[in-house]
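Asks: Starting off with a structure, shown below.
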Amino acid sequence: MALISPSRRLRRTPFSAGVEAAGVKAYTIYNHMLLPTVFESVEADYHHLKNHVQVWDVSVERQVELRGPDAARLMQMLTPRDLRSMLPGRCFYVPIVDETGGMLNDPVAVKLAEDRWWISIADSDLLLWVKGIANGYRLDVLVDEPDVSPLAVQGPKADDLMARVFGDAVRDIRFFRFGMFEFEGRDLAVARSGYSKQGGFEIYVSGSDIAMPLWETLFAAGEDLNVRAGCPNAIERIEGGLLSYGNDMTDDNTPHECGLGRFCDTQTAIGCIGRDALLRVAKEGPVQQIRAIAIEGDPVPLCDRAWPLFAQGRRVGQITSATWSPDYATNVAIGMVRMTHWDSGTALEVETPDGMRSATVQPGFWL
Ligand code: THG
200 MALISPSRRL RRTPFSAGVE AAGVKAYTIY NHMLLPTVFE SVEADYHHLK NHVQVWDVSV
260 ERQVELRGPD AARLMQMLTP RDLRSMLPGR CFYVPIVDET GGMLNDPVAV KLAEDRWWIS
320 IADSDLLLWV KGIANGYRLD VLVDEPDVSP LAVQGPKADD LMARVFGDAV RDIRFFRFGM
380 FEFEGRDLAV ARSGYSKQGG FEIYVSGSDI AMPLWETLFA AGEDLNVRAG CPNAIERIEG
440 GLLSYGNDMT DDNTPHECGL GRFCDTQTAI GCIGRDALLR VAKEGPVQQI RAIAIEGDPV
500 PLCDRAWPLF AQGRRVGQIT SATWSPDYAT NVAIGMVRMT HWDSGTALEV ETPDGMRSAT
560 VQPGFWL
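Straight run, no breaks: the sequence shown in the working numbering ends on number 566.
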């Protein structure tokens with residue numbers, strides 16, 4: 200593929216100078232912003248992530264901020280997950296659905312206060328939907344994108360590195376909770392979360408001016424931990440079954456098809472705009488669902504379009520993400536499979552760009 204021309208529309212991030220100095224080799228575009236995809240190589244980055252600690256510029260996880268008396272009401276209108284039990288200091292993975300029950304995004308909701316929330320979005324223009332709802336329903340809430348850029352610290356040595364910069368109290372942050380920690384006089388939300396299964400934190404960096412100072416501080420503090428710049432790793436996230444909006448699901452899919460039924464409380468999520476539609480489809484249950492799939496043979500090429508899945512010559516679904524896994528010595532993949540063929544052990548065939556391959560539905564993801 201040819202190079203991508205930089206321009207103002209394609210936003211840089213407050214960490215881009217550090218990312219470039221660290222030798223980024225490839226980017227993708229996510230929320231109209233640069234997201235690194237490769238530093239040394241996808242495989243070398245993968246081994247390093249599983250053994251050491253990495254600092255990731257995930258500024259592309261933009262925040263949609265809700266501020267005002269109707270913030271909590273608006274948040275519940277957006278998702279079928281019941282938010283009544285959610286206290287300030289918590290993060291919730293929340294499917295966002297439209298009036299048909301179709302997935303618009305799969306963000307992390309961050310509750311700062313009853314009247315102040317961040318929606319840490321995946322790759323779709325959710326701000327426009329949220330502003331439309333707020334204005335259409337005449338809600339008393341401000342909706343905007345603040346100058347907040349998440350920086351993830353991921354890998355088995357993440358606790359040690361973070362403790363050196365923010366103090367030992369970061370070790371006590373529980374999964375999907377956050378605390379406020381000071382850096383250069385600024386209070387930053389630090390959560391135990393991140394787009395990998397290796398453990399770690401996300402720092403919501405408020406104010407671009409402290410982005411590079413924080414980046415430099417983390418690298419200086421972690422020299423003997425072999426800290427490196429990294430990024431969400433395609434191999435590790437497919438092994439772990441972390442979904443990618445726009446790749447593994449779109450607005451054509453319900454949360455149940457995406458295997459996100461455990462994040463839906465459609466009966467009690469009163470006010471959710473997609474509630475009626477989801478109650479209707481939930482009665483029957485989904486007719487297709489996301490599955491872990493192993494693909495036999497040599498390493499598969501990059502998956503930049505859906506690969507059709509067949510059984511006895513009939514189409515039964517599609518592969519949406521696939522890669523060679525060094526640790527499992529097979530190709531690992533995420534696919535959407537029809538009910539008739541979604542049981543673990545079912546033998547399928549997948550049409551890849553370099554021919555038909557045998558594939559098998561797995562009992563679950565690899566990590
Ligand atoms: N962190 C933050 N914002 C994000 C992401 C993130 N925005 C974009 C994207 N990632 C949103 N999608 C996801 C997908 C998966 C998870 C988080 C965000 C995730 N899932 C865990 C899992 O499936 O194992 C845990 C979910 C749970 O148990 O609540 O972490 O990564 N800030």
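The C-beta atom is built at its ideal place from N, Cα and C for all residues, glycine as well. No experiment lies behind these values; they were computed from the predicted model shown.
1. Nearest to L360 by alpha carbon, out of V307, S392, A390, F400?
2. Are V515 and L508 closer than 9 Å when you measure CB to CB?
3. For A357, which residues of its own chain have a beta-carbon under 7 Å away from its beta-carbon, when the five flanking residues on both sides are left out?
4. Please report the straight-line C-alpha distance between F418 and R427, rounded to a whole angstrom.
5. Taking C-beta to C-beta, are V237 and V223 nearer than 9 Å?
6. Report yes or no: is there a C-beta of chain D within less than 9 Å of the C-beta of W506?
7. Decide if the region 266-273 is in contact with the region 366-379; the criterion is three or more beta carbon pairs, one per stretch, under 8 Å apart.
8. So, at 6 Å on beta carbons, what are the nonlocal neighbours of R337 in its own chain, with the 5 sequence-adjacent residues on each side left out?
9. With a CB to CB cut of under 8 Å and the five nearest residues on each side skipped, what residues in its chain are close to D447?
10. Starting from the Cα of S348, find the closest Cα among T449, I409, H246 and give me that residue.
11. Can you tell me whether W565 is helix, strand or coil according to DSSP?
12. Using the three-state DSSP reduction, which class does S407 fall into: helix, strand or coil?
13. Does the separation of the CB atoms of A333 and I318 fall below 9 Å?
14. Which class does R427 belong to by DSSP, given the choice of helix, strand or coil?
15. Could I get the ranges of all uninterrupted alpha helix (DSSP H) runs contained in the region 428-504, with 4 residues as the minimum, in chain order?
16. Report yes or no: do three or more beta-carbon pairs, one from the region 297-316 and one from the region 470-481, lie closer than 8 Å?
17. Given I203, which residues of its chain have a CB within under 8 Å of its CB, disregarding the five upstream and five downstream residues?
18. When the Cα of E415 is compared with those of L350, F462, G460, S395, which residue comes out closest?
19. In three-state DSSP terms, what is D324?
20. For T545, collect the residues of the same chain with a Cβ closer than 6 Å to its Cβ; drop the 5 residues on either side in sequence, then sort them by chain order.
21. In this structure, how does DSSP classify G516 when only helix, strand and coil are distinguished?
22. Let me know if Y527 comes out buried or exposed under the rule of 16 or more other beta-carbons within 10 Å of its beta-carbon.
Replies: Answer, in terms of the structure:
1. Reading the sequence shown from its first residue, position 161 is the one you call residue 360. Per the Cα distances, F400.
2. Taking the first residue of the sequence shown as position 1, residue 515 is located at position 316. Taking the first residue of the sequence shown as position 1, residue 508 is located at position 309. Result yes, Cβ atoms of V515 and L508 sit closer than 9 Å.
3. Here the question's residue 357 lines up with position 158 in the sequence shown. Excluding residues within five positions, the ones whose Cβ falls inside 7 Å are V252, G398, G399, F400.
4. Here residue 418 is taken as the residue at index 219 of the sequence shown, counted from 1. Here residue 427 is taken as the residue at index 228 of the sequence shown, counted from 1. In this structure, the alpha-carbon of F418 lies about 7 Å from that of R427.
5. Stepping through the sequence shown from its first residue, residue 237 is reached at position 38. Stepping through the sequence shown from its first residue, residue 223 is reached at position 24. Against a cut-off of 9 Å, the Cβ pair of V223 and V237 comes out as a contact.
6. Among the chains in the structure shown there is no chain D, since it carries only a single protein chain.
7. Because the criterion of three Cβ pairs below 8 Å is not met, the region 266-273 and the region 366-379 do not touch.
8. To locate residue 337, count along the sequence shown from 1; it is residue 138. Once the five neighbours on either side are set aside, R337 has no close Cβ partner at all.
9. For the purposes of this step, residue 447 is taken as residue 248 along the sequence shown, with counting starting at 1. Same-chain partners within the cutoff: C457, I489, T519, S520, I533, M535.
10. Along the sequence shown, read from residue 1 onward, the residue named residue 348 stands at position 149. Nearest C-alpha to S348: I409.
11. Your numbering for residue 565 matches position 366 in the sequence shown. DSSP places W565 in coil when its eight states are reduced to three.
12. As a first step, residue 407 must be located in the sequence shown, where it is residue number 208. Three-state DSSP puts S407 in a helix.
13. Working through the sequence shown from its first residue, we reach residue 333 at position 134. Working through the sequence shown from its first residue, we reach residue 318 at position 119. No, they are not a contact pair.
14. What you label residue 427 is simply residue 228 of the sequence shown in a count that begins at 1. R427 falls in the strand class under three-state DSSP.
15. Contiguous alpha helix (DSSP H) elements confined to the region 428-504 occur at 433-439, 474-483, taking only those with 4 or more residues.
16. With the cut-off at 8 Å, the region 297-316 and the region 470-481 touch.
17. Counting from one through the sequence shown, the residue named residue 203 turns up at place 4. So the qualifying residues of the chain are L209, Y226, I228.
18. Reading the sequence shown from its first residue, position 216 is the one you call residue 415. Among L350, F462, G460, S395, the Cα nearest to that of E415 belongs to L350.
19. Stepping through the sequence shown from its first residue, residue 324 is reached at position 125. The answer is coil: DSSP assigns D324 none of H, G, I, E or B.
20. Taking the sequence shown and counting its residues from 1, the one referred to as residue 545 is at position 346. Cβ neighbours of T545 beyond the five flanking positions: V560.
21. In the sequence shown, residue 516 corresponds to position 317, counting from 1. Of the three classes helix, strand and coil, the one that applies to G516 here is strand, per DSSP.
22. As a working note, residue 527 is residue 328 in the sequence shown. Its Cβ having fewer than 16 others within 10 Å, Y527 is exposed.
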